[in-house]
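These protein sequence lines map, in sequence, to chains G and F.
If you're matching positions, the first sequence starts at 3 in the working numbering and goes up one per residue.
If you're matching positions, the second sequence starts at 15 in the working numbering and goes up one per residue.
Cβ coordinates follow ideal geometry from the N, Cα and C atoms, glycine included.
Only a predicted model underlies this, so the values are computations on that prediction, with no experimental measurement involved.
Working notes for the structure below.
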Amino acid sequence: MAYSDKVVDHYNNPRNVGSFTKDTPGVGTGLVGAPECGDVMKLQIRVNLETGVIEDAKFKTFGCGSAIASSSLATEWLKGRTVDDAAKIKNTDIVNELKLPPVKIHCSVLAEDAIKAALHDYQEKWSKAEAEAPGAASKE
Amino acid sequence: MPVPLAVGFGKAAEICREVMGEEGKRLGALRDRLQDLILSKVDEAYVNGHPTQRLPHNLNISFAYVEGESVLMGLNKESALSSGSACTSSTLEPSYVIAALGVDSELAHSSIRFGLHRFSTEEEVDFVGRRSVEVVQRLREMSPLYELAKEGVDLKTIQWKGE
Chain G
3 MAYSDKVVDH YNNPRNVGSF TKDTPGVGTG LVGAPECGDV MKLQIRVNLE
53 TGVIEDAKFK TFGCGSAIAS SSLATEWLKG RTVDDAAKIK NTDIVNELKL
103 PPVKIHCSVL AEDAIKAALH DYQEKWSKAE AEAPGAASKE
Chain F
15 MPVPLAVGFG KAAEICREVM GEEGKRLGAL RDRLQDLILS KVDEAYVNGH
65 PTQRLPHNLN ISFAYVEGES VLMGLNKESA LSSGSACTSS TLEPSYVIAA
115 LGVDSELAHS SIRFGLHRFS TEEEVDFVGR RSVEVVQRLR EMSPLYELAK
165 EGVDLKTIQW KGE
């Protein structure tokens with residue numbers, strides 16, 4: 003099958019491959035997909051707890067070239083966004099940017115799921131912890 | 015039936031009868047060379063099919079933790095291979111042929127089929143073997159499954175969130 007130039011570029015030069023230690027302050031981890039389906043994405047964000055801005059993002063993906071490209075692109079787009087802004091990234095944005103054909107749309111859906119899962123994990127671990135940090139005073 | 019086709023087929027059958035025995039031995043040796051080259055450099059690479067009762071020109075290997083189509087994408091400029099990966103098909107079900115051999119679905123997504131032919135050479139085999147090793151190693155460095163496995167996590171114990 004023919005891949006778009008952008009998919010080939012992300013496959014050959016994936017951005018932000020790697021991992022953060024899961025318990026680093028501000029890190030949220032999303033792990034989505036399943037090996038028996040042929041796609042697994044791990045996407046991580048590191049959020050500045052003061053500003054709520056995503057300062058860094060990393061991924062590792064088991065999947066086809068389009069899955070690798072979708073998650074690589076997602077990490078590029080996540081950097082510098084606020085957590086709220088990050089939640090607005092849609093799979094259709096990824097489809098358009100990478101010119102994914104219909105059979106590869108599930109790759110972009112998985113990347114959106116990975117973003118949501120990472121944001122959710124961040125909020126569970128750090129956003130709520132921040133809110134509760136003032137301690138006894140804020141508890142009802 | 016067009017006469018030229020019938021004559022051509024007859025000639026092909028004649029050549030086949032003359033060289034098949036010898037050619038089978040040559041291809042089998044090349045196939046073994048490719049297999050040894052790859053298996054000596056890549057851990058958790060599994061040959062699919064019967065160890066001895068198989069076609070001499072065919073080698074089918076599953077590389078754990080990397081997806082087949084992504085391996086093909088790394089090699090498609092220089093060689094024509096195929097995969098049991100179902101990533102491009104509408105079902106996402108991997109090859110039923112590989113599945114029928116008893117290969118589980120994770121490894122079926124990771125299978126690569128190498129085919130040799132009458133004009134394949136040792137140099138070509140060595141080149142494709144070397145490149146395959148490079149591509150698989152590169153993809154493993156970006157595979158979350160490989161990372162988990164190296165951390166000692168049994169992938170079968172993870173509750174995967176499917177698509």
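Rounded C-alpha distance that separates G/LYS24 from F/ARG40: 52 Å
Would you mind working out which of G/VAL85, G/LYS101, G/ASN98, G/VAL97 sits nearest G/GLN125, comparing C-alpha positions? Across the set G/VAL85, G/LYS101, G/ASN98, G/VAL97, the C-alpha of G/VAL85 shows the shortest separation from the C-alpha of G/GLN125.
Taking only beta-carbon atoms, is F/SER125 less than 8 Å away from chain G? no
Do you know how far the Cα of F/VAL85 is from the Cα of G/CYS39? The alpha-carbon atoms of G/CYS39 and F/VAL85 are separated by roughly 16 Å.
G/GLU57 in three-state terms, based on DSSP: strand
Would F/VAL80 be called buried (16 or more neighbouring beta carbons within 10 Å of its own) or exposed? buried
Answer with yes or no whether the minimum CB distance from G/TYR124 to chain F is below 8 Å. no
What does DSSP give as the partner residues of G/ASP86 in its beta bridges? Under DSSP, G/ASP86 takes part in no beta bridge, so it has no partner.
If we require 3 or more residues per run, which beta strand (DSSP E) segments fall completely within the segment 125-154 of chain F? Runs found: 125-129.
At a CB-CB cut-off below 9 Å, which residues of chain G make contact with F/GLU58? Within chain G, no residue comes near F/GLU58; the closest Cβ sits about 13 Å away, beyond 9 Å.
Can you list, in chain order, the residues of its chain whose CB lies under 7 Å from that of G/SER73, leaving out five sequence neighbours each side? Within the same chain, G/SER73 has close Cβ partners MET43, LEU45, PHE61, THR63, ALA113, ALA116.
For F/LEU89, which residues of its own chain have a beta-carbon under 7 Å away from its beta-carbon, when the five flanking residues on both sides are left out? LEU95, ARG145, SER146, VAL149
For G/VAL34, which residues of its own chain have a beta-carbon under 7 Å away from its beta-carbon, when the five flanking residues on both sides are left out? MET43, LEU112, ASP115, ALA116, ALA119
Under 7 Å Cβ to Cβ from F/GLY169, same chain only, skipping five residues before and after it: list those, please. Position check: residue 169 of chain F holds Leu in this sequence, whereas Gly was assumed. LEU159, LEU162, ALA163, listed in sequence order.
With 16 as the cutoff for other CB atoms within 10 Å, does G/GLU52 come out buried or exposed? exposed
Taking 8 Å as the threshold (beta carbon to beta carbon), is F/VAL117 in contact with chain G? no
Where the alpha helix (DSSP H) containing F/ASP50 begins and where it ends: 17-55
To the nearest angstrom, how far is the alpha carbon of G/ILE96 from that of F/GLU28? For G/ILE96 and F/GLU28, the distance between alpha carbons rounds to 55 Å.
Taking the alpha-carbon positions, what's the G/LEU100 to G/LYS90 distance? 18 Å
Which residues mark the beginning and the end of the alpha helix (DSSP H) in which F/ALA94 is found? Note, F/ALA94: premise wrong, no alpha helix (DSSP H); not H, not E.
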